[in-house]
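Protein chains: 4
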Amino acid sequence: MKKIIVAGATGSMGQQAVKLIENQSDCELVAVLAPNMASNSNFKQAVKCYKSLRDINNLTADIWIDFTTPAAVFENTKFAIEHQIRPLIGTSGLTTEQITQLQKKAQEQKIGGLIAPNFGLSAVLLMKFAQEAARYFPDAEVIEMHHADKLDAPSATAIATARLIAANQEQAIDQNSSNESRARGENYAGIPVHSVRLPGYVAHEQVLFGGLGEALTLRQDSFDRSSFMSGVKLALEHIMELPELVVGLEKIL
Amino acid sequence: MKKIIVAGATGSMGQQAVKLIENQSDCELVAVLAPNMASNSNFKQAVKCYKSLRDINNLTADIWIDFTTPAAVFENTKFAIEHQIRPLIGTSGLTTEQITQLQKKAQEQKIGGLIAPNFGLSAVLLMKFAQEAARYFPDAEVIEMHHADKLDAPSATAIATARLIAANQEQAIDQNSSNESRARGENYAGIPVHSVRLPGYVAHEQVLFGGLGEALTLRQDSFDRSSFMSGVKLALEHIMELPELVVGLEKIL
Amino acid sequence: MKKIIVAGATGSMGQQAVKLIENQSDCELVAVLAPNMASNSNFKQAVKCYKSLRDINNLTADIWIDFTTPAAVFENTKFAIEHQIRPLIGTSGLTTEQITQLQKKAQEQKIGGLIAPNFGLSAVLLMKFAQEAARYFPDAEVIEMHHADKLDAPSATAIATARLIAANQEQAIDQNSSNESRARGENYAGIPVHSVRLPGYVAHEQVLFGGLGEALTLRQDSFDRSSFMSGVKLALEHIMELPELVVGLEKIL
Amino acid sequence: MKKIIVAGATGSMGQQAVKLIENQSDCELVAVLAPNMASNSNFKQAVKCYKSLRDINNLTADIWIDFTTPAAVFENTKFAIEHQIRPLIGTSGLTTEQITQLQKKAQEQKIGGLIAPNFGLSAVLLMKFAQEAARYFPDAEVIEMHHADKLDAPSATAIATARLIAANQEQAIDQNSSNESRARGENYAGIPVHSVRLPGYVAHEQVLFGGLGEALTLRQDSFDRSSFMSGVKLALEHIMELPELVVGLEKIL
Chain A
-18 MKKIIVAGAT GSMGQQAVKL IENQSDCELV AVLAPNMASN SNFKQAVKCY KSLRDINNLT
42 ADIWIDFTTP AAVFENTKFA IEHQIRPLIG TSGLTTEQIT QLQKKAQEQK IGGLIAPNFG
102 LSAVLLMKFA QEAARYFPDA EVIEMHHADK LDAPSATAIA TARLIAANQE QAIDQNSSNE
162 SRARGENYAG IPVHSVRLPG YVAHEQVLFG GLGEALTLRQ DSFDRSSFMS GVKLALEHIM
222 ELPELVVGLE KIL
Chain B
-18 MKKIIVAGAT GSMGQQAVKL IENQSDCELV AVLAPNMASN SNFKQAVKCY KSLRDINNLT
42 ADIWIDFTTP AAVFENTKFA IEHQIRPLIG TSGLTTEQIT QLQKKAQEQK IGGLIAPNFG
102 LSAVLLMKFA QEAARYFPDA EVIEMHHADK LDAPSATAIA TARLIAANQE QAIDQNSSNE
162 SRARGENYAG IPVHSVRLPG YVAHEQVLFG GLGEALTLRQ DSFDRSSFMS GVKLALEHIM
222 ELPELVVGLE KIL
Chain C
-18 MKKIIVAGAT GSMGQQAVKL IENQSDCELV AVLAPNMASN SNFKQAVKCY KSLRDINNLT
42 ADIWIDFTTP AAVFENTKFA IEHQIRPLIG TSGLTTEQIT QLQKKAQEQK IGGLIAPNFG
102 LSAVLLMKFA QEAARYFPDA EVIEMHHADK LDAPSATAIA TARLIAANQE QAIDQNSSNE
162 SRARGENYAG IPVHSVRLPG YVAHEQVLFG GLGEALTLRQ DSFDRSSFMS GVKLALEHIM
222 ELPELVVGLE KIL
Chain D
-18 MKKIIVAGAT GSMGQQAVKL IENQSDCELV AVLAPNMASN SNFKQAVKCY KSLRDINNLT
42 ADIWIDFTTP AAVFENTKFA IEHQIRPLIG TSGLTTEQIT QLQKKAQEQK IGGLIAPNFG
102 LSAVLLMKFA QEAARYFPDA EVIEMHHADK LDAPSATAIA TARLIAANQE QAIDQNSSNE
162 SRARGENYAG IPVHSVRLPG YVAHEQVLFG GLGEALTLRQ DSFDRSSFMS GVKLALEHIM
222 ELPELVVGLE KIL
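Chains as they are written, first to last, in the numbering used here: chain A, -18 to 234; chain B, -18 to 234; chain C, -18 to 234; chain D, -18 to 234.
In structure tokens, the structure reads:
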């Protein structure tokens, strides 16, 4: 039985994580951490409810699921590692430097874990396949489509995808970007990235590959954030075997 | 029986036009114009073969199909109108000014005709539908995809599509384009246009509309230029009824 | 100012309709009908709350919006027409016979209205465009994709789309369906219809047209039912001008 | 320098293979086999031209490329193996039994080779990715789209894809196919397969995966048969290292 604490248990992702755990026969929710927990939160009596890190003592847990805030995630993860609780981090905002620090600490503590900026299985598989296809189809472009309210463009996932493709091209494509139309998109490591922002859309990404007389297209659609839970479930199944603190759900695919 | 002359009969489009006419029971090829005609061109004996405009005399024809060159098309069309032959022009390169001049001459000669920059039915319908959808879905983006050798971006059709959409929006969309990423595409009248250039691709265009909780997508694919002949066939069916010289295949849809 | 009563005001669609009306400057919610209204429903004080048809008296309203049940919709619509309230019916379940009866009554009462089985603008436009494209591309197939829980296949909208296409083909396509694989779909009036049922999907429909060397594809995606409100808004804008009781949102596009 | 014989060198695929070899700096065309070779076939003088298997003697070659006919391919492949020439077979029509026989002979002769029913890289990658995705998304459907003249449905590749997906599902999906509409497609090992047949289309395949709140779509388009040469090129690069006679281009990806 895997004993689990959920940090950020009252947020929208945290609530879904709690529900997920309750449906896994080999998982047990032993504690939650949520600063602004309402008095009427109806967790089972056996579940310990903490309002801050400092309140936690005598906690025995195997896995620390974190869906909190960029401000809290570093201290939380450090705390988990130091207390021999394997971190399963879905909160974004960790800097490269912080991640290196946490990985070092995990190594010292001889404990594994997972930091996953994106728990969407379809997005993670898309990146994996794009990387692989790039070896055979060096010519690729990325189109991501999001709701009109998304402020940044391109999306972090699209940029990451472009970089992965570029890194796996057998030969670099020479995209001369000088005096080109903006219609040709933003160039990341030689891969044009296009961003569509329209109401109604949720979160979607396409990678288009073209070769002599043929084309290959990979597409993923995230219709709602419930999709993240498939990735969390997969992570729960494999986290106990991870020998170190890894970054990216694709590491366990 | 519609008597037809094909100018540019030895070019790839001209050859297809000749074949098309031979398959129409109500059409008859009476002459061809082709400067560099090989001696062994096997047109039927009854077909008059001209090498230049100056050679043409005593020609009785109803329709002048033109698939020649930007350098020749204006003089050809003028000649046709002056000789009471209805022009059906597939050659690109006429300037706005030349078109106005030709339309005036057609009016004087009381003759109709058609100048069609794009004879692809799917492309023309896409533009027509996009225009109509814009009244209900003001938020739209255009993505066109072409083979890697296409030098210009975006395609003329994509720009035309964006302008049609913008003209039919009930209210203009305020796209603030300042300090935006190039990933957001080139802005035409408020409509972002994205251009993909990949080997293998032929000529494709998509229009994406988004609204509250829903999306509408129009897409056309041109796999090869034989597709133009459906448009030429349609034009042949309607050209005798046109009261003036119109521009755009959509005018007869 | 259009005075409006919403029947089924406590259901999910009805609630959205109420919200929509409150955001229209030329509309006023004057009454609601909802059998199982909670005592704490917070409608404005001026709004009359009825629990059954029999409770309604002295009501002055212009438009009757109905998102109730198949069991209630006929009596409601009849009541509305008899009381000179224009029906705007989003409830499904009316039989062809009932609709004929209601249209006759509306004629007697010299009142117009709208029965719309589908208020999704993208779906309605898709059907309209498909119908139009069928005149130029007689070869078409329909693919609809829905969540895995949808029991019936194909969807009513897909069947309606196929019939519209068939009715607009200049010549019928001879699809010999004998001893064909089930992979070729269900044949409706010569148009193959394919149904995909997968978890994650919501409600999507595609129409594929193919012609010599080219293809045209129409696609609509309904991501959630909030999309219906764009159609209701459009209906509200035009319903006062309708001279009779019409069926289908496309009638006012 | 790899010495190569092309069997079926005058067919459309064979001609492309010859051209490909001429463009590879590490390959040399040493012979061709073509029963109906025209006297004016302009192969280089050094290339030996055979009209039948019996004519071949004293041939030193490393690779036997075969784009012949179902009637000839088995004898050809056997001959190649027996003469220590590695077979690279693009001809379809070998039965399972014949393949087993050839693999046994290759083992005896201690020689490797490749039988590839499909040399399209995009199709092969699609199958590979579909297989992998099935482990995470057990719910899948296949849609293939071909030109209207294709007689069989579904395509062999689509059936193969469905079987690969089924073989990789962690748990079988229980598709109850009784009294279901034909719109739900043909069921292969639990995976519905849909076939679209439309003029204009060439050869296209999609795999749709759905999971909680998300979807993953893989699509490949073959616009013309020139696409096969990318696969042949890849095979040429790896065939000398193959320890046995393998089936499927994916074995060397």
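All C-beta atoms, glycine included, are put in the ideal place defined by N, C-alpha and C.
Per-residue DSSP class, three states only, for residue i
i, result
"Leu193 (chain D)", "coil"
"Ser159 (chain B)", "Since pLDDT at Ser159 (chain B) reaches only 49, below the 50 mark, its modelled position is unreliable, and the value read off the structure follows with that caveat. It is coil, neither helix nor strand."
"Val227 (chain B)", "strand"
"Gln112 (chain C)", "helix"
"Glu218 (chain B)", "helix"
"Ser176 (chain D)", "strand"
"Ser33 (chain C)", "coil"
"Gly94 (chain C)", "strand"
"Val(-13) (chain D)", "strand"
"Ala164 (chain C)", "helix"
"Ala134 (chain C)", "coil"
"Ala104 (chain B)", "helix"
"Val188 (chain A)", "strand"
"Ser22 (chain D)", "coil"
"Ser73 (chain B)", "coil"
N-terminal and C-terminal residue of the alpha helix (DSSP H) that residue i is part of
i, result
"Gly(-5) (chain D)", "-7 to 3"
"Asn149 (chain A)", "137 to 149"
"Lys86 (chain D)", "77 to 89"
Member of the options whose CA lies at the smallest distance from the CA of residue i
i, options, result
"His64 (chain D)", "D:Phe55, D:Asn38, D:Gly74, D:Gln82", "D:Asn38"
"Thr(-9) (chain C)", "C:Ser20, C:Leu226, C:Gln79, C:Leu75", "C:Ser20"
"Ser(-7) (chain C)", "C:Ile80, C:Lys85, C:Phe209", "C:Phe209"
"Phe55 (chain B)", "B:Gly171, B:Gln150, B:Leu83, B:Gln112", "B:Leu83"
"Thr41 (chain D)", "D:Lys25, D:Thr50, D:Phe60", "D:Phe60"
"Gly(-5) (chain C)", "C:Asp202, C:Arg35, C:Ser6, C:Thr50", "C:Thr50"
"Asp130 (chain B)", "B:Ala114, B:Pro180, B:Glu89", "B:Pro180"
"Arg178 (chain A)", "B:Leu234, B:Ile80, B:Gly171", "B:Gly171"
"Pro68 (chain A)", "A:Leu75, A:Asn57, A:Thr76, A:Ala147", "A:Asn57"
"Gly191 (chain A)", "B:Val188, B:Glu186, B:Tyr182, B:Val(-13)", "B:Tyr182"
"Asp36 (chain D)", "D:Pro16, D:Ser211, D:Trp45, D:Ala(-2)", "D:Pro16"
"Phe48 (chain D)", "D:Glu225, D:Arg206, D:Leu223", "D:Arg206"
"Lys85 (chain C)", "C:Ile62, C:Phe100, C:Ala52, C:Leu223", "C:Ile62"
Beta carbon of residue i nearer than 7 Å to that of residue j
i, j, result
"His127 (chain C)", "Ala164 (chain C)", "no"
"Lys(-17) (chain B)", "Cys8 (chain B)", "yes"
"Glu167 (chain D)", "Ser162 (chain C)", "yes"
"Leu253 (chain D)", "Val123 (chain D)", "One cannot answer for residue 253 (chain D) here, as it falls past the ends of chain D, which runs -18 to 234."
"Gln150 (chain B)", "Ala115 (chain B)", "yes"
"Leu193 (chain D)", "Ser211 (chain A)", "yes"
"Ser203 (chain A)", "Glu89 (chain D)", "no"
Where the beta strand (DSSP E) containing residue i begins and where it ends
i, result
"Asn57 (chain B)", "Premise fails: Asn57 (chain B) lies in the alpha helix (DSSP H), 51 to 63, not in any beta strand (DSSP E)."
"Asn168 (chain D)", "167 to 169"
"Arg67 (chain C)", "67 to 70"
"His127 (chain A)", "121 to 127"
"Val11 (chain A)", "8 to 14"
"Asp47 (chain A)", "44 to 47"
Cβ contact check for the segment 129 to 140 of chain B and the segment -1 to 17 of chain C: 3 or more pairs under 8 Å: Result no; under three Cβ-Cβ pairs closer than 8 Å.
Segment contact, 8 Å Cβ cut-off, at least three pairs: the segment 89 to 107 of chain B with the segment 117 to 127 of chain B: No, the segment 89 to 107 of chain B is not in contact with the segment 117 to 127 of chain B.
Meets three-Cβ-pair contact criterion under 8 Å: the segment 214 to 222 of chain B and the segment 138 to 149 of chain B: These segments do not touch.
Stretch-stretch touch, CB-based, cutoff 8 Å, three pairs: the segment 192 to 199 of chain D with the segment 99 to 115 of chain D: The segment 192 to 199 of chain D vs the segment 99 to 115 of chain D: in contact.
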